[in-house]
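Letter by letter, the sequence shown follows residues 2 to 494 of the numbering used here.
Here is the structure we will look at, set down as structure tokens.
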Amino acid sequence: MAGVSRRQFLVAAGAGATGLAAGACTGRPKPRPVGPSAAAVAQAEARRHKPGAATHQVDLVAGPATLDLAGTKVTTWAYNQTVPGPAVRLRAGEVLRAELTNRLPESTSIHWHGVALRNDMDGVPGVTQPAIPPGGRFTYQFTAPDPGTFFFHPHTGLQLDRGLYAPLLVDDPAEPGAYDHEAVVVLDDWTDGVGASPEQLQARLQQQGGMMGGGMMGMMGQGGSQTLGGAGGQLDYPAYLLNGRPPSDPPTIRAKPGARLRLRVVNAAAETAFRLALGGHRLTVTHTDGMPVRPVTVDTLVLGMGERYDALVTLGDGAAPLVAVAEGKRGGAFGVVRTGAGATPAADAHPAELDGRLLDLAELRAAPRVSLPARQPDRRHRVVLSGGMMDARWTINGRTADDAVPLTVGQGERVRLLFANQSMMFHPMHLHGHSFQVQGGPGPGPRKDTVIVRPMEQLAVDLAADNPGQWMLHCHNLYHQQAGMMTTLSYVS
Ligand code: C2O
Ligand code: CU
């Protein structure tokens, strides 16, 4: 292991488990399921690809950048020198061709979060592709099959807790378009350059180990969150950003009074869930994780890390505070929606909507056109989430990522994952390459790729195993993921 950092070790060991090289790093044999062939991956892509589909070309450079936080200039890492990075936008069925140049001092990759794409473009170094070294380039090319609000970020180390994230918007050619105006809202917890570095935060968590691992800081210091069933997290961030800007320099979304505004909200934070509201307005939730739901109108909603929600708002006249409170923590992100004259709301505005009707996952139903056909599962996997007790490790089925036993599935199966959270913290569980359907309600729940599992909660999700490959399943708390809470959903046929 000489010269191999812990985080490289985690990635390399993951590779051993899924059949792509790097066995030499781990020094011991790994379970090696027979993965799908490159031909199976190519076939799945061929089924998605429409003849004559347009190709959408973008150039992305991951590299050092300067971010101006209300006058405080910080050096960070970003795509194309902006935070968030440039929005990538195409139509469903089109091909994205993204050329990534790595100008970071460490290796990287891009993961296209939420997209049911071909496995070899999924951007997990050591599992779906080789790491892209400093100075290296890689071309991602894949069909984006489903419309929706997605984002992209690296899948290496702590890079996501810097500025390396950007929205990915896939338009629906058949979109009813019942809105006049659209705004993408990307939320983030920020420390780079203004507080401890992500590496220092990680070291702090490792030292705290079991003492604080259960989230006692959040529970005792700040009261935690009823919605999240405990602590909001283990880390207080010095800043929370909305579209790359802190509350003292809020971005303004402008539209006409009476306009129907579509908000596309992305939680790109590493360790923070957000509670979102627009003062004086109600939110009609239309999509979660890109997938349409039967619309539900609420005052406020909570987004875990990696989750996205789209909501429609009919705008009043004036200036309204768009607040995203760090759930169970202190502070939050802030923006302004302005349709007319009027004083800019205060950055510490606490609109009544925040304490109003809260969206409940259990009330969401997939829109019929995306609901999976009713079917009994062919295979079930229990996914036990634990950690935070005796040490700083976070595990799935008692194992950390370097030691994980892949969850096997067969092509064409209906698979049920039963998440069982046996820890005292919430975990936004994310599956690559698929959109599962949340079970347990009176009818078919929403299609999602990231779902909050609360402390001591059990939650079942069903998926159609129709996308061959090796797919990561992990907590989207970046520090939990790095401390082991990741495994692989592995196609064996
Ligand atoms: Cu956005 Cu593996 O995740
Ligand atoms: Cu977690």
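Note that the Cβ used here is the ideal one computed from N, Cα and C, for glycine as well.
Cβ-based neighbour list, residue i, same chain, cut-off 6 Å, excluding 5 preceding and 5 following
i	result
D162	P199, A271 and L479
L464	V416, H435 and F437
L418	H382, V384 and V462
M122	Y141 and F143
G343	G319 and A320
G94	K51 and A54
Beta-carbon proximity of residue i to residue j, cut-off 8 Å
i	j	result
R261	T315	yes
S424	S387	yes
G188	V303	Reading the sequence as shown, one finds Leu at residue 188 and not Gly. The answer is no: Cβ separation not under 8 Å.
A232	W191	no
Q201	L159	no
V297	L365	yes
A402	M487	yes
A256	T340	yes
G280	A350	yes
Q130	S108	no
T150	G291	yes
R98	V42	no
R295	A175	no
G357	T301	yes
P248	A348	yes
Y166	A274	no
Any non-hydrogen atom of the ligand CU within 7 Å of residue i CB
i	result
N478	yes
H114	no
H481	yes
M486	yes
W395	yes
Nearest-angstrom Cα separation, counted from residue j out to residue i
i	j	result
A353	V324	11 Å
V84	R376	43 Å
T287	G442	18 Å
E328	F427	12 Å
P34	L460	With a pLDDT of 44 at P34, under the threshold of 50, the modelled position of that residue is not reliable, and the figure given next carries that caveat. About 27 Å.
V493	N398	20 Å
G64	F335	27 Å
T396	T409	18 Å
T140	G234	36 Å
T345	I254	12 Å
L101	P134	11 Å
A45	E414	15 Å
T73	A39	48 Å
Q482	G259	43 Å
For residue j and residue i, believed in contact at Cβ under 8 Å, the rounded distance
i	j	result
L313	T289	Not quite, the Cβ-Cβ distance comes to about 13 Å (not below 8 Å), so this is no contact.
Q169	W78	In the sequence on display, residue 169 carries Leu and not Gln. Not really, about 18 Å apart at Cβ, beyond 8 Å.
L355	R276	6 Å
A117	N468	6 Å
V75	G194	3 Å
Neighbourhood of residue i by C-beta, 7 Å cutoff - its chain only, sequence neighbours within 5 removed
i	result
R49	T144 and P146
N422	L386, H428, V454, R455, P456, M457 and E458
M213	Reliability of the predicted coordinates at M213 is poor, the pLDDT of 47 falling under 50, and the value obtained from them is presented with this limitation in mind. Around M213: Q235.
T246	In the sequence as displayed, the identity of residue 246 is Arg instead of Thr. Only P252 meet the Cβ criterion.
Distance cut-off 7 Å: residue i Cβ against heavy atoms of the ligand C2O
i	result
M426	no
G94	no
G307	yes
M1	As displayed, the chain neither begins before 2 nor continues past 494, which places residue 1 out of reach and without an answer.
H435	no
M473	yes
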